[in-house]
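Peer 1: Can you keep this structure in mind? I'll have questions shortly.
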Amino acid sequence: MTADAHAHHEEHHSSTGLDNRKLGMWAFLGSETMFFGSLILVMLINKHNTLGGPGQEVLDLVLTSFTTFVLLTSSLAMVLSLAAFRNGSLLWGRIWLGMVMLMGLIFLGGQVYEFTEFVTHKHLTPSTNLFGASFYTLVGFHGAHVGIGVLWLGTVLAYSWRGRFQPGMDMWGIELVGLYWHFVDLVWVAIFTLIYLI
Amino acid sequence: MATVTATAPDTRTFAGTAWSWITTVDHKRIAVLYLVTSLAFFMLGGLEALLMRLQLATPEADVVSAERFTELFTMHGTTMVFLALMPLSAAFFNLLVPLMIGARDVAFPRLNALSYWIYLFGGIFMNISFVAGGAPNAGWFGYAPLTDTAFEATHAIDFWAFGLQILGVSSILASINFIVTIINMRAPGMTLNRMPMFVWMSMITAFLIIFAFPAITIGLVLLIFDRYIETSFFIPEGGGDPVLWQHLFWVFGHPEVYILILPAMGIVSEILPTYSRKPLFGYAVVAYSGAAIALVGFGVWTHHMFTVGLGPIADTAFAISTMAIAVPTGVKIFNWIATLYGGSISFKSPMLFAVGMVSMFIIGGLSGVMLGSPPIDAQVQDTYFVVAHLHYVLFGGTVFGLFGGIYHWFPKFTGRFMHDGWGKVHWLLMLIGFNLTFLPQHMLGIDGMPRRVHTYAADMGFDLWNMMSTVGSLMIGFSFLIFIINALRSIRHGEPSGSDPWDGGTLEWTIPSPPPVYNFAEIPVVDGRYPAWDIKRGGGHTGAVATAPEADAEADEPDIHMPNPSYWPIVMAAGMVLAACGLIFHQAFILLGAVLFAISLIGWIEEPAA
Numbered sequence: 001m002t003a004d005a006h007a008h009h010e011e012h013h014s015s016t017g018l019d020n021r022k023l024g025m026w027a028f029l030g031s032e033t034m035f036f037g038s039l040i041l042v043m044l045i046n047k048h049n050t051l052g053g054p055g056q057e058v059l060d061l062v063l064t065s066f067t068t069f070v071l072l073t074s075s076l077a078m079v080l081s082l083a084a085f086r087n088g089s090l091l092w093g094r095i096w097l098g099m100v101m102l103m104g105l106i107f108l109g110g111q112v113y114e115f116t117e118f119v120t121h122k123h124l125t126p127s128t129n130l131f132g133a134s135f136y137t138l139v140g141f142h143g144a145h146v147g148i149g150v151l152w153l154g155t156v157l158a159y160s161w162r163g164r165f166q167p168g169m170d171m172w173g174i175e176l177v178g179l180y181w182h183f184v185d186l187v188w189v190a191i192f193t194l195i196y197l198i
Numbered sequence: 199m200a201t202v203t204a205t206a207p208d209t210r211t212f213a214g215t216a217w218s219w220i221t222t223v224d225h226k227r228i229a230v231l232y233l234v235t236s237l238a239f240f241m242l243g244g245l246e247a248l249l250m251r252l253q254l255a256t257p258e259a260d261v262v263s264a265e266r267f268t269e270l271f272t273m274h275g276t277t278m279v280f281l282a283l284m285p286l287s288a289a290f291f292n293l294l295v296p297l298m299i300g301a302r303d304v305a306f307p308r309l310n311a312l313s314y315w316i317y318l319f320g321g322i323f324m325n326i327s328f329v330a331g332g333a334p335n336a337g338w339f340g341y342a343p344l345t346d347t348a349f350e351a352t353h354a355i356d357f358w359a360f361g362l363q364i365l366g367v368s369s370i371l372a373s374i375n376f377i378v379t380i381i382n383m384r385a386p387g388m389t390l391n392r393m394p395m396f397v398w399m400s401m402i403t404a405f406l407i408i409f410a411f412p413a414i415t416i417g418l419v420l421l422i423f424d425r426y427i428e429t430s431f432f433i434p435e436g437g438g439d440p441v442l443w444q445h446l447f448w449v450f451g452h453p454e455v456y457i458l459i460l461p462a463m464g465i466v467s468e469i470l471p472t473y474s475r476k477p478l479f480g481y482a483v484v485a486y487s488g489a490a491i492a493l494v495g496f497g498v499w500t501h502h503m504f505t506v507g508l509g510p511i512a513d514t515a516f517a518i519s520t521m522a523i524a525v526p527t528g529v530k531i532f533n534w535i536a537t538l539y540g541g542s543i544s545f546k547s548p549m550l551f552a553v554g555m556v557s558m559f560i561i562g563g564l565s566g567v568m569l570g571s572p573p574i575d576a577q578v579q580d581t582y583f584v585v586a587h588l589h590y591v592l593f594g595g596t597v598f599g600l601f602g603g604i605y606h607w608f609p610k611f612t613g614r615f616m617h618d619g620w621g622k623v624h625w626l627l628m629l630i631g632f633n634l635t636f637l638p639q640h641m642l643g644i645d646g647m648p649r650r651v652h653t654y655a656a657d658m659g660f661d662l663w664n665m666m667s668t669v670g671s672l673m674i675g676f677s678f679l680i681f682i683i684n685a686l687r688s689i690r691h692g693e694p695s696g697s698d699p700w701d702g703g704t705l706e707w708t709i710p711s712p713p714p715v716y717n718f719a720e721i722p723v724v725d726g727r728y729p730a731w732d733i734k735r736g737g738g739h740t741g742a743v744a745t746a747p748e749a750d751a752e753a754d755e756p757d758i759h760m761p762n763p764s765y766w767p768i769v770m771a772a773g774m775v776l777a778a779c780g781l782i783f784h785q786a787f788i789l790l791g792a793v794l795f796a797i798s799l800i801g802w803i804e805e806p807a808a
């Protein structure tokens, strides 16, 4: 029995009509809101806790605005990818999926650059002060989520060459990573606003 | 695509049997694993408690050292909360939720197995600390700065922090699984408003877990960073704030106590109607009051911190919300009493435990309202009054409720009764022992005996109460031995119970005991809150349990589609816990754990799910 037929099987029996995996992902993301909510709160508490060392002024708004733009745009690419797969266009589905990965990597690249810059030139490390500790923890965890998302997208992309997501098939594999990806984007909107802009 | 695949390993040999348990994804077998493991940890936590009671029986005793005593109370609390009571509740979720909603398994059977193996390895991991340089010793709520490297340079706290992280993963995964199962896998006609009350409470508990655990996850992450990469989140010298830890811990910790009590409330809400031969009184109100408890439970956490000095406004607000939570709790209790009223009551052992739970929980609830008042709390903070209160709700409430559940559903697990007479002896001894242990602790607390102190002087007026308490605790231990012997004996020699020994009203009593692998040969159609009673009584509702339309179409097909066993869950859990070992023992373990995790992840994805 293939996984897709299995998906049909489960959808058939579900009380709400929602696929089990999608509902599970929603529950997981609900849990993640509390995870990032706690991290963001810790960051807000320590935002000005610099012990006279480097603080919010080290944040590079220009660079981060650019990477934020890229990350948010990647959500559009994610939507277009799912739409293309649904319309039976494997080629465009893969292209957009690749674009999402690329944009995720650009965002991560920006973050690596930012972290390196802070440590080497701004002399801000996790142990410098609590601004640094909270910043690296929050942004680091978000970056890890983006990184896992990129790996996951890569897996989905690879499976499109292994007989999955063909025209007419169930697309839950793409929908799941899409839900996750949009959520991670949304979290970044909160982080960017609360930490960088305000 | 075969019924029998799930039991395919050759169970005539020991190796085959062991392999079939290691690879099982059947929710009923996972329930047994949870049950046995959690009872073992319950015994361990109980032994830790007995050692403490022996130390405190007489003034200035020397049974254990002060250092050992701190380890004992820390591990007693941690073990009972995370390794005994939560997993014991999980055993009931696993056994009952699919049976009660008319499903063949949980939504994600392999994830279910993964949750169990993470729990088992996480529990072992945490207890290894006893022989690896010292057990955790900062109390079960691990207050900063006691957990800082300045005060505990050994790995004791690391075992605790990583252990709790591991167990948190297990709890969150299991909860996601049960949320999806309950929302999505109900039999036709099983609307939310017809779900058995235990299923309601399971769902609320699962939601509590997924929303409460992230707070402690973050707290522990910050603690680990403080200990490993020299941040100072909770260290005042570096600008940190120990109170932040308290907030993060109790934002999790208070919902946690509802995570512990709600499943027991669900069990009692099933037992009372069964042995009163009456439907649960005020079904909807009992369900909604459970949800209200959960919701308000997120807004009461600083009542654990009244003496921190958050100011009169914060204290007042949280005192009000704390006392407000007594309302839905009281609603439940009155509905239980109203369920009994006018019922045709039979006092079998499950019923005795259920009634014991309700009455003991009332006492714990009353001292809870007292503690919810900041002036009283300021007087008895950190005394035995608090210890007495929390044991009345968690032992008098949760433990009585869960044991009642074991007696009630033992015939469903095994097809045999537990001996009812010995069950009653267990109940009576436990009830007397419990009250003898914890009632005097109220007096000790009011007299000013602080908790977590390993001894006391002879002339302080504590001697008699302490001796009573120790005698009571030994009685509890003895009653537990009776339970274990009764259970072990009944598995093989108990009186055969048939499929419906108690005239139960919920779906699990309509199928054989022990249930077949596929649970329901035909998926039932439900049109009431007590479908099994409807069938047996015939009247009231049109619907006997009928064949679902989709099952009809497959009626010719003898095989029922069940998930295959899988060994990836245990491998993945081992990988996760090995990685945690690496952070304590040797970095090579991190690599090994990561490799195992990666391999099992690929294997998991590639394995045909069914």
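Protein sequences, first through last, are from chains A and B.
With our numbering as the guide, the letters of the first sequence map in order to residues 1 to 198.
With our numbering as the guide, the letters of the second sequence map in order to residues 199 to 808.
Every residue gets a Cβ at the ideal spot worked out from N, C-alpha and C, and that includes glycine.
These figures come from a predicted structure and were not determined experimentally.
Would DSSP call Pro-334 (chain B) helix, strand or coil?
Peer 2: Position 136 of the second sequence holds residue 334 (chain B). The answer is coil: DSSP assigns Pro-334 (chain B) none of H, G, I, E or B.
Peer 1: Does the beta-carbon of Gly-738 (chain B) have 16 or more other beta-carbons within 10 angstroms, so that it is buried, or is it exposed?
Peer 2: On the second sequence, residue 738 (chain B) is found 540 positions in, with the first residue counted as 1. Low local confidence applies: a pLDDT of 45 at Gly-738 (chain B) is under 50, so the model's placement there is unreliable, and no value is given.
Peer 1: Taking Cβ positions, are Tyr-716 (chain B) and Arg-302 (chain B) nearer each other than 8 Å?
Peer 2: As a first step, residue 716 (chain B) is located in the second sequence; it is residue number 518 there, counting from the start. As a first step, residue 302 (chain B) is located in the second sequence; it is residue number 104 there, counting from the start. Taking 8 Å as the Cβ cut-off, Tyr-716 (chain B) and Arg-302 (chain B) qualify as a contacting pair.
Peer 1: Tell me whether Ala-744 (chain B) sits in a helix, a strand or coil according to DSSP, three-state version.
Peer 2: Along the second sequence, one-based indexing puts residue 744 (chain B) at 546. Low confidence applies here, because Ala-744 (chain B) scores a pLDDT of 45, under 50, leaving its location unreliable and the question unanswered by this model.
Peer 1: Buried or exposed for Trp-181 (chain A), going by 16 or more other Cβ atoms inside 10 Å?
Peer 2: Translated into the one-based positions of the first sequence, residue 181 (chain A) becomes position 181. The residue is buried, with at least 16 neighbouring Cβ atoms inside 10 Å.
Peer 1: For Asp-260 (chain B), count neighbouring Cβ atoms within 10 angstroms of its own Cβ and tell me buried if that reaches 16, exposed if not.
Peer 2: Here the question's residue 260 (chain B) lines up with position 62 in the second sequence. So Asp-260 (chain B) counts as exposed.
Peer 1: Looking at the unbroken alpha helix (DSSP H) that takes in Tyr-590 (chain B), where does it start and where does it end?
Peer 2: Within the second sequence, the letter at position 392 stands for residue 590 (chain B). Where Tyr-590 (chain B) is concerned, the enclosing alpha helix (DSSP H) stretches over 582-591.
Peer 1: Using a Cβ-Cβ distance under 8 Å, would Gly-30 (chain A) count as near chain B?
Peer 2: Along the first sequence, read from residue 1 onward, the residue named residue 30 (chain A) stands at position 30. Yes, because at least one Cβ of chain B sits closer than 8 Å to the Cβ of Gly-30 (chain A).
Peer 1: Whole angstroms are fine: how far does the CA of Ser-547 (chain B) sit from the CA of Gly-602 (chain B)?
Peer 2: On the second sequence, residue 602 (chain B) is found 404 positions in, with the first residue counted as 1. On the second sequence, residue 547 (chain B) is found 349 positions in, with the first residue counted as 1. Distance between the alpha carbons of Gly-602 (chain B) and Ser-547 (chain B) is about 7 Å.
Peer 1: To the nearest angstrom, how far is the alpha carbon of Ile-574 (chain B) from that of Ile-377 (chain B)?
Peer 2: Position 376 of the second sequence, counted from the start, is the residue given in the question as residue 574 (chain B). Position 179 of the second sequence, counted from the start, is the residue given in the question as residue 377 (chain B). Their Cα atoms are separated by approximately 39 Å.
Peer 1: From the DSSP secondary-structure annotation, give me the bridge partner or partners of Pro-694 (chain B).
Peer 2: By 1-based counting over the second sequence, the position of residue 694 (chain B) is 496. DSSP, once it has assigned bridges, lists B:Arg-614 as partnering Pro-694 (chain B).
Peer 1: In chain order, what residues of the same chain have a beta carbon less than 8 Å from the beta carbon of Ser-127 (chain A), not counting five sequence neighbours either side?
Peer 2: As a working mapping, residue 127 (chain A) is identified with position 127 in the first sequence. Same-chain partners within the cutoff: Ala-133.
Peer 1: For Met-555 (chain B) and chain A, any beta-carbon pair shorter than 8 Å?
Peer 2: In the second sequence, counting from the first residue as 1, residue 555 (chain B) sits at position 357. Chain A contact via Cβ: absent.
Peer 1: How many Å lie between Gly-488 (chain B) and Met-665 (chain B) at the Cα?
Peer 2: Position 290 of the second sequence holds residue 488 (chain B). Position 467 of the second sequence holds residue 665 (chain B). For Gly-488 (chain B) and Met-665 (chain B), the distance between alpha carbons rounds to 38 Å.
Peer 1: Taking just the CA atoms, how far does Met-673 (chain B) sit from Trp-663 (chain B)?
Peer 2: Locating residue 663 (chain B) in the second sequence gives position 465, where the first residue counts as 1. Locating residue 673 (chain B) in the second sequence gives position 475, where the first residue counts as 1. Cα-Cα distance, rounded: 15 Å.
Peer 1: Given a threshold of 16 other Cβ atoms within 10 Å of its Cβ, counted over all protein chains shown, does Phe-118 (chain A) qualify as buried or as exposed?
Peer 2: Here residue 118 (chain A) corresponds to residue number 118 of the first sequence, with the count starting at 1. Classification of Phe-118 (chain A): buried, given that the 10 Å Cβ count is 16 or more.
Peer 1: Under 8 Å, Cβ to Cβ, is there at least one residue of chain B near Ser-38 (chain A)?
Peer 2: The sequence position of residue 38 (chain A) within the first sequence is 38, counting from 1. At least one chain B Cβ lies under 8 Å of Ser-38 (chain A).
Peer 1: Using CA coordinates, which residue listed in B:Phe-240, B:Val-775, B:Ile-220 is at the minimum distance from Leu-600 (chain B)?
Peer 2: By one-based count along the second sequence, residue 600 (chain B) stands at place 402. The option with the nearest alpha carbon to Leu-600 (chain B) is B:Phe-240.
Peer 1: Does DSSP put Pro-648 (chain B) in a helix, a strand or coil?
Peer 2: As a working mapping, residue 648 (chain B) is identified with position 450 in the second sequence. In the structure shown, Pro-648 (chain B) sits in a strand (DSSP, three-state: E or B).
Peer 1: For a contact meaning CB atoms closer than 9 Å, what does Thr-68 (chain A) contact in chain B?
Peer 2: On the first sequence, position 68 is the one that residue 68 (chain A) refers to. Result: empty, since nearest Cβ-Cβ is about 23 Å, beyond 9 Å.
Peer 1: Taking Thr-277 (chain B) as the reference, which of B:Lys-530, B:Asn-391, B:Gly-321, B:Ala-330 has the closest Cα?
Peer 2: Looking up residue 277 (chain B) in the second sequence gives position 79. For Thr-277 (chain B), the nearest C-alpha among the options comes from B:Gly-321.
Peer 1: Contact between the region 523-530 of chain B and the region 477-495 of chain B is defined here as three or more beta-carbon pairs at a separation below 8 Å; is this criterion met?
Peer 2: Enough Cβ pairs lie closer than 8 Å, so yes.
Peer 1: Closer than 8 Å, CB to CB, is Ala-190 (chain A) near chain B or not?
Peer 2: Taking the first residue of the first sequence as position 1, residue 190 (chain A) is located at position 190. Not one chain B Cβ lies under 8 Å of Ala-190 (chain A).
Peer 1: Checking contacts by CB at 8 Å: is Phe-165 (chain A) closer than that to chain B?
Peer 2: Numbered from its first residue, the first sequence carries residue 165 (chain A) at position 165. No, no contact with chain B.
Peer 1: Thinking Asn-684 (chain B) and His-617 (chain B) are a contact (beta carbons under 8 Å), I'd like their distance in whole angstroms, please.
Peer 2: Position 486 of the second sequence, counted from the first residue, corresponds to residue 684 (chain B). Position 419 of the second sequence, counted from the first residue, corresponds to residue 617 (chain B). Yes, they are in contact, since the Cβ atoms of Asn-684 (chain B) and His-617 (chain B) sit about 5 Å apart, within 8 Å.
Peer 1: Which bits of chain A does Thr-221 (chain B) rub up against, with CB to CB less than 9 Å?
Peer 2: The residue given as residue 221 (chain B) occupies position 23 in the second sequence. Simply none; closest approach about 19 Å.
Peer 1: Identify the contact partners of Ser-430 (chain B) in chain A, using a Cβ-Cβ distance below 9 Å as the criterion.
Peer 2: Numbered from 1 along the second sequence, position 232 holds the residue referred to as residue 430 (chain B). Within chain A, the residues near Ser-430 (chain B) are Ser-127, Asn-129, Leu-130, Ala-133.
Peer 1: Looking at chain A, is there any beta carbon in it that lies within less than 8 Å of the beta carbon of Gly-332 (chain B)?
Peer 2: Mapped onto the second sequence, residue 332 (chain B) falls at position 134. Chain A contact via Cβ: absent.
Peer 1: Out of B:Met-760, B:Asp-645, B:Thr-537, B:Tyr-728, which one is the CA nearest neighbour of Gln-579 (chain B)?
Peer 2: Here residue 579 (chain B) is taken as the residue at index 381 of the second sequence, counted from 1. Looking at the Cα atoms, B:Asp-645 is the closest of the given residues.
Peer 1: Quick test of the definition: if touching needs 3 or more C-beta pairs under 8 Å, does the region 377-397 of chain B touch the region 345-361 of chain B?
Peer 2: The region 377-397 of chain B, when compared against the region 345-361 of chain B, does not touch it at the 8 Å Cβ threshold.
Peer 1: Of the residues B:Gln-639, B:Pro-609, B:His-225, B:Leu-458, which one's Cα is nearest the Cα of His-587 (chain B)?
Peer 2: Working through the second sequence from its first residue, we reach residue 587 (chain B) at position 389. That would be B:Gln-639, whose Cα lies nearest to the Cα of His-587 (chain B).
Peer 1: Under DSSP, the alpha helix (DSSP H) around Pro-440 (chain B) begins and ends at which residues?
Peer 2: Here residue 440 (chain B) refers to the residue found at position 242 when the second sequence is read from its first residue. Looking at the DSSP string, the run of the alpha helix (DSSP H) that includes Pro-440 (chain B) is 440-474.
Peer 1: Mind listing which residues of the region 42-72 of chain A have their C-beta closer than 9 Å to chain B's C-betas, in chain order?
Peer 2: Under the 9 Å Cβ criterion, the region 42-72 of chain A contributes Val-42, Ile-45, Asn-46, Asn-49, Thr-50, Leu-51.
Peer 1: Give me, in chain order, the residues of the same chain whose beta-carbon lies closer than 7 Å to that of Leu-508 (chain B); leave out the 5 immediate sequence neighbours on both sides.
Peer 2: As a position in the second sequence, residue 508 (chain B) is number 310, starting the count at 1. Same-chain partners within the cutoff: Thr-500.
Peer 1: Sorted by chain position, which residues of the same chain lie with C-beta nearer than 8 Å to Lys-122 (chain A)'s C-beta, five sequence neighbours on each side aside?
Peer 2: Position 122 of the first sequence, counting from 1, holds the residue named residue 122 (chain A). Here the set comprises Pro-54, Val-58.
Peer 1: Identify the contact partners of Thr-841 (chain B) in chain A, using a Cβ-Cβ distance below 7 Å as the criterion.
Peer 2: Chain B is shown only over 199 to 808; residue 841 (chain B) falls outside these bounds and no answer can be derived.
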